[in-house]
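Using the working numbering, the first residue of the sequence shown is number 1, and each one after it goes up by one.
Note that beta-carbon positions come from the ideal geometry of N, C-alpha and C, so glycine has one too.
From a predicted model like this one, the values you see are computed outputs, not experimental measurements.
Beneath this line is the structure, given in structure tokens, with notes to follow.
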Amino acid sequence: MAHLIKNTLLSLTVLASASIPTTSAAESPTAAKRPNIVFFLVDDLGYMDIGANNPKSFYETPNIDALAKRGMRFINAYAACPVCSPTRAAILTGKYPQRTGITDYIGSPQPTDVKQPNKMIPALNNDRLALEEITLAEAFKAQGYATFFAGKWHLGPTDFWPENQGFDINMGGLDRGGPYGGNKYFSPYGNPRLSDGPPGEHLPDRLATETAKFITANREKPFLAYLSFYSVHTPLMAREDLQKKYESKAKTLAATEEKWGQ
């Protein structure tokens, strides 16, 4: 699970949840301006891989850096869990993994089925986020928000996918921990919740485009747009133009270091 995201976005979720206004019987639901929420989640992104955290990063992340500069950053926090599914469940519910019962990535062996290095009895791992849990999307939806999910879900089988957890729209969210259907990160995707695009379309671009469409279509009303990239989780499959760009950059840096010793 992304080091950057694990250390920051749970706090952002709490802030976003706290910002949902409630209305009394004497108040009109439109009395106060309700903020729109756009939530990004990135899988397996290194903390030092973005310019905001590391000006010397090999990777160029100008848009992320701009958001960090203009917004509030959380640089000292605990992660809910070091792996995927428990962290996602914690972000959506505000609960510790022990409370949701999702204590490891969904699909991992049960701890009772694996020889343990000590005599402690580890917690069992639920293979789904219970429908009884109140999710971030359900909280916003109860306040009249349009809710949208795109990308990686990894929180249970079909009946527990985003559309059953408070999201009006689900673009690509299912039980898998990665884009392992079809051509993986490229169309055709083999994903029952995401129609195929033109051959060779790149999944991150498609998810971002679908999110932008939702924002445009709902610009006149409050919304929650939850964009949960599959990237940069394996398999590592970049667009050809970006691959060439960074291969060239690596060669240039290597030549510079060889010549100047820097």
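- With a threshold of 16 other beta carbon atoms within 10 Å, V83 meets it and is buried.
- Sixteen is the threshold: when 16 or more other Cβ atoms of the shown chains lie within 10 Å of the Cβ of G166, as they do, the residue is buried.
- Contact between D49 and F229 is absent: CB atoms are separated by about 14 Å, not below the 8 Å threshold.
- Burial is judged here by how many other beta carbons sit within 10 angstroms of a residue's own beta carbon; P97 has at least 16 and is buried.
- Taking S187 as the centre and dropping the five residues before and after it, the same chain places the C-beta of D196, G197, P198, P199, G200 and E201 closer than 7 Å to its C-beta, in chain order.
- Each residue's CA atom was taken as its position, placing V232 and D168 some 26 Å apart.
- Between the region 119 to 134 and the region 61 to 76 there are fewer than three C-beta pairs closer than 8 Å, too few to call the two in contact.
- Setting aside the 5 residues that flank it on each side, G151 is surrounded in the same chain by G172, G173, L207, L227, S228, F229 and Y230, each with a C-beta closer than 7 Å to its C-beta; the list follows chain order.
- DSSP places I37 in no alpha helix (DSSP H) but in the uninterrupted beta strand (DSSP E) bounded by I37 to L41.
- Under the three-state reduction of DSSP output, A225 falls in the strand class.
- F186 sits in a strand when the DSSP states are folded into three classes.
- G144 and E210 have their C-alpha atoms some 21 Å from each other.
- A distance below 8 Å separates the beta carbons of G177 and G107.
- Shortest Cα-Cα distance from F58 to any of A68, K33, H154 and Y47 involves Y47.
- In the displayed model, M171 falls within a strand according to three-state DSSP.
- Residues P222 and F223 of the same chain have their beta carbon placed closer than 7 Å to that of N36, with the five preceding and five following residues left out of the count.
- F39 and N54 have their alpha carbons spaced roughly 22 Å apart.
- Residue pairing from DSSP places H202 in a beta bridge opposite F186.
- Secondary structure note for F140: its alpha helix (DSSP H) is the uninterrupted segment L136 to A142.
- Rounded to the nearest whole angstrom, the CA to CA distance from R239 to I215 is 25 Å.
- Straight-line measurement puts the Cα of T135 at about 37 Å from the Cα of Q243.
- Membership of A77 in any alpha helix (DSSP H) is not indicated, and neither H nor E is assigned to it by DSSP.
- Within the same chain, and ignoring the five residues on either side of F148 in sequence, the residues whose Cβ sits closer than 6 Å to its Cβ are I169, F214 and A225.
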